[in-house]
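Report on the following structure.
Numbering (the numbering used here), first residue to last: 62 to 161.
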């Protein structure tokens with residue numbers, strides 16, 4: 062069995078929380094370059110930070126996504142509770158690189 066961990070995107074969970082550390086572009090890129098077992102970015106689920114450039118977590122989260130794509134990693138996430146078709150379409154477009 063091979064296990065390929067994914068670095069968590071929720072460190073911190075939101076811009077309004079400070080405990081537990083900070084992962085951003087530099088940390089994500091470093092992990093993917095140095096640790097060959099790390100396969101990508103996990104739990105991209107902060108929808109307000111993904112779609113709203115005014116959200117304080119927007120730059121950090123998109124930096125992690127960009128670092129993951131640059132290292133050919135996998136971005137994994139979910140959109141629990143999302144029901145509106147426009148939101149689902151926007152989420153899918155962003156997840157497939159058709160966003161900022």
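C-beta atoms are modelled at their ideal positions from N, C-alpha and C, and glycine is treated no differently.
Limits of the unbroken alpha helix (DSSP H) element including residue i
i	result
residue 124	119-131
residue 111	108-112
residue 78	No alpha helix (DSSP H) holds residue 78; DSSP gives it neither H nor E.
residue 93	86-95
Start-to-end residues for the beta strand (DSSP E) that takes in residue i
i	result
residue 137	135-138
residue 69	67-69
Selected residue, minimal CA-CA separation from residue i, among the options
i	options	result
residue 107	116, 101, 100 and 99	116
residue 100	143, 131 and 73	131
residue 105	82, 94 and 68	68
residue 124	80, 86 and 63	86
residue 70	144, 151, 118 and 150	118
residue 139	111, 63 and 92	111
Residues bridged to residue i (per DSSP)
i	result
residue 105	138
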